[in-house]
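Going by numbering that gives the first Met the number 0, the residue at position 20 of the sequence shown is 19; the numbering climbs one at a time, nothing skipped.
For glycine and all other residues, C-beta sits at the position ideal for the given N, C-alpha and C.
Here the structure is a predicted model, which means the values were calculated and not measured.
This report refers to the structure that appears directly beneath it.
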Amino acid sequence: MLERALTQPQQCSVDPLDTAFNWGIPIWTTDRLQGYLDKVYATLSNINTLKNLNRIKSEKDLKVKELKKPYIKFESCKR
Numbered sequence: 000m001l002e003r004a005l006t007q008p009q010q011c012s013v014d015p016l017d018t019a020f021n022w023g024i025p026i027w028t029t030d031r032l033q034g035y036l037d038k039v040y041a042t043l044s045n046i047n048t049l050k051n052l053n054r055i056k057s058e059k060d061l062k063v064k065e066l067k068k069p070y071i072k073f074e075s076c077k078r
């Protein structure tokens, strides 16, 4: 069966690149795709870095001290 398939001409030979072009789907080279993925990765790493910096900064801004007894605790009702 394989031999017969090899000897017979392909009747429905369709080039996927031509089909994509006809449908308006952009075809990217591997270099362009790699550049795009690098840009996305850099953006994500910058966002994660900013989140970590904001977290560290907010931890440094807090001045936490232990209270000595006796003390009165006040809480805001606007939380």
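Got a sec? Which residues, its chain only, sit under 7 Å from residue i by beta carbon, not counting five neighbours each side?
i: ALA19; result: ILE26
To the nearest angstrom, report how far apart residue i and residue j are at their CA atoms.
i: TRP22; j: ALA41; result: 31 Å
i: PRO69; j: SER75; result: 20 Å
i: ILE46; j: LEU32; result: 21 Å
i: LYS64; j: ASP30; result: 55 Å
i: LEU49; j: GLY34; result: 23 Å
i: ILE24; j: SER44; result: 29 Å
i: SER12; j: LYS38; result: 37 Å
i: LEU66; j: ASN51; result: 29 Å
In chain order, what residues of the same chain have a beta carbon less than 8 Å from the beta carbon of residue i, not counting five sequence neighbours either side?
i: LEU16; result: ILE26
i: LEU36; result: none
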